[in-house]
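> Sequence lines, in order, name chains A and B.
For the first sequence, the numbering used here gives the first residue as 7, with consecutive numbering after it.
For the second sequence, the numbering used here gives the first residue as 23, with consecutive numbering after it.
By construction, the Cβ of each residue, glycine as well, lies at the ideal position given by its N, Cα and C atoms.
If you're wondering where the values come from, they're calculated on a predicted model, not measured in any experiment.
One structure, pasted below without further comment.
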Amino acid sequence: GAVVSQHPSWVICKSGTSVKIECRSLDFQATTMFWYRQFPKQSLMLMATSNEGSKATYEQGVEKDKFLINHASLTLSTLTVTSAHPEDSSFYICSAPGPNIQYFGAGTRLSVL
Amino acid sequence: GIQVEQSPPDLILQEGANSTLRCNFSDSVNNLQWFHQNPWGQLINLFYIPSGTKQNGRLSATTVATERYSLLYISSSQTTDSGVYFCAVEGLYNTDKLIFGTGTRLQVFP
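Spelled out as structure tokens, the structure:
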């Protein structure tokens, strides 16, 4: 079946630094990808829609200058958390749509110290 | 936007028991999926079920689209069934964008 690879799976960084998370569709092309955030014991909240070759679409309340999304090719979307702070610590998950269903990456656990 | 509520929020079972998880959604949908999130956070597709009934081993799901709910049945539960179960829906006019429910946390004890 279709595979979505997400990297890194776990990252610790200092407050004020930037972190880049990659999401790749390995055996299919994705003109659209989605980025979700999940806080402990909560559901997944959609952050933004990544569009290949154009600007991302952000959900209400998500700071586009803080969460930079780039979708430069049909198989790669990146999420950069800029000037990370402890409150940005969370589990970030990407997905790409296939026929009928969404395929999800394994997630990235971000801890900001 | 669409609201997706799941019940119960928490469920504790002994191995071998059966359970029913419910997902209510507030508007018509194009797509409904059930997921199991394992302890490492990986989301595992269980069912794509915008309507009707499907079965896969000990799991089955039913969606009644006209009444805006879906049910996930787990029979003869095992400890490996533990984790969080999410339903997620795609609205009629938001192609591919999945909205997740509140989740049901299941713990199965031996």
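Report the residue from 95/B, 93/B and 87/B whose alpha carbon sits nearest the alpha carbon of residue 51/B.
Shortest Cα-Cα distance from residue 51/B to any of 95/B, 93/B and 87/B involves 87/B.
> Please classify residue 87/B: does DSSP put it in a helix, a strand, or coil?
helix
> Between which two residues does the beta strand (DSSP E) carrying residue 13/A extend?
10-13
> Taking the beta carbon of residue 9/A as the centre, do at least 16 other beta carbons fall within 10 Å, making it buried, or is it exposed?
exposed
> Please identify, using Cβ separations under 9 Å, the residues of the stretch 21-52 of chain A that lie next to chain B, in order along the chain.
38, 40, 42, 44, 47, 48, 49, 50, 51 and 52
> My output table needs one value for residue 32/B: the three-state DSSP class, helix, strand or coil.
Strand, per DSSP.
> Please name the residues in the stretch 94-106 of chain B whose beta-carbon is closer than 9 Å to at least one beta-carbon of chain A, in chain order.
106
> If you compare alpha carbons, which of 75/B, 33/B and 71/B is closest to residue 106/B?
33/B
> For residue 55/A, would you say it is in contact with chain B, using Cβ-to-Cβ distances shorter than 8 Å as the test?
yes
> Where do the N-terminal and C-terminal ends of the beta strand (DSSP E) with residue 77/A fall, by residue?
73-79
> Within the 8 Å Cβ cut-off, does residue 70/B reach chain A?
yes
> If the cut-off is 9 Å on Cβ atoms, which residues from the stretch 108-124 of chain B count as contacting chain A, listed in chain order?
108, 110, 112, 117, 118, 119, 120, 121, 122, 123 and 124
> If you measure beta-carbon to beta-carbon, which residues of the stretch 48-65 of chain B are closer than 9 Å to chain A?
Going along the stretch 48-65 of chain B in chain order, one finds 53, 55, 57, 59, 62, 63, 64 and 65 with a Cβ nearer than 9 Å to chain A.
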